Amino acid sequence: MRGVRVLRQDPVETLFAFICSSNNNIPRISGMVEKLCHEYGEFLGEIGDVAYYAFPNMKDLKGSRVEEHLRSVGFGYRAKFISQCASYILQHHDSEWLEILRSASYNDAHAALCQLPGVGAKVADCVCLMSLDKHEAVPVDTHVWQITAKHYMPHLVTTKSLTAKVYKQIGDHYRALFGEYAGWAQSVLFTADLKRFQDTQSISHANLKSSSSKRSVESQSKSTSSYKVSAKKKKKSSK
DNA sequence: GAGATTC
DNA sequence: ATCTCA
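Just add 1 to wherever you are in the first sequence, counting from 1, and you've got the numbering used here.
Written out as structure tokens, the structure reads:
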């Protein structure tokens, strides 16, 4: 049986990859990250006829020259965020600052990340959860917002946009329910709603509730006591 | 809260 | 998704 896993990724790669993710789709994000590696990363070797490069060091990502180049290859407004973010971290902190944030509290790490250009609450939570060991971090995108409002927090169905206030409310809701597993719960919610996982019994959206399928979830009891995490929690330290 | 930003 | 403007 397959499960939903929250990986422990490299903080630098995670931060810059999620800066690329804003208002963007996965194929394009993947292409952008590969471009960063190929253009600015160290050559690692090749397997067959495919060359592999490491994710760049931040010192190689800063500067207006980088920004201009990234813009010319289709990074859009994210080009500025990437170069400025690298500059900011190296100027105000150092190259190991992100790793050091692993020993900070979730609230401190989140607040610090939100200071960076191109990093808001959502990207900060993604970095916290996927690379900084902050498993109470709950990244709330428009998708998770809609799912949560519909199935778990009905009073939010009338909210017109994902404001900072609503963002906090949703995260706090899951933290109260799942504590240190809140981030994992978010991953299950998110994954369960992906079309390609709709028929994957082991991680169906409705599994966070007591029973039944996704289609009939609306008619179910909304009581929090029916929420179950059950025995499908998993974690891994590498891909 | 609305609109712009990249493709 | 973040930022800017109002």
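Backbone N, C-alpha and C define an ideal beta-carbon position, used for all residues, glycine too. Everything numeric in this text was worked out from a predicted model, so none of it was measured.
*CA-CA distance, P12 and L178?*
27 Å
*Which term fits H1, buried or exposed, when burial requires 16 or more other beta carbons within 10 angstroms of its beta carbon?*
No statement about residue 1 is possible, as the shown extent of the chain runs from 2 to 240 and does not include it.
_C-beta contact flag for A55 and E43 at 8 Å_ = yes
_On the DSSP bridge list, what partners appear for E47?_
A52
*What are the boundary residues of the alpha helix (DSSP H) that V67 is part of?*
65–73
*Is P118 closer than 8 Å to F82 when the C-beta atoms are compared?*
yes
*Over the uninterrupted beta strand (DSSP E) stretch that includes R29, give me the two end residues.*
Counting along the chain, R29 falls outside any beta strand (DSSP E), though it belongs to the alpha helix (DSSP H) covering 27–41.
*Is the stretch 122–142 in contact with the stretch 69–83, if contact means three or more CB pairs nearer than 8 Å?*
no
*Nearest-angstrom Cα separation, counted from S22 out to G64*: 21 Å
*Taking DSSP as the reference, what is the three-state secondary structure of R176?*
helix
*V145 and Q187 look like a contact to me (Cβ under 8 Å); what is the Cβ gap, rounded to whole Å?*
6 Å
*Three-state secondary structure (DSSP) at R79?*
helix
*May I have the straight-line CA-CA distance separating L99 from E35, to the nearest angstrom?*
21 Å
*Report the rounded CA-to-CA distance for W185 versus A138, giving the unit in angstroms.*
9 Å
*asked:* Going residue by residue through the stretch 116–171, where are the continuous beta strand (DSSP E) segments of at least 3 residues, counting only ones entirely within it?
replied: none
*According to the neighbour-count rule (16 or more other Cβ atoms, all chains shown, within 10 Å of its Cβ), is A125 buried or exposed?*
buried
_Can you find the residues in the same chain that come closer than 7 Å, C-beta to C-beta, to D50, ignoring five residues on each side of it along the sequence?_
none
_With a threshold of 6 Å on Cβ separation, who are the neighbours of D61 within its own chain once the five nearest residues in sequence on each side are excluded?_
Y41
*Looking only at its own chain, which residues have a Cβ that is under 7 Å from the Cβ of G32, when we skip the five neighbours before and after it?*
none
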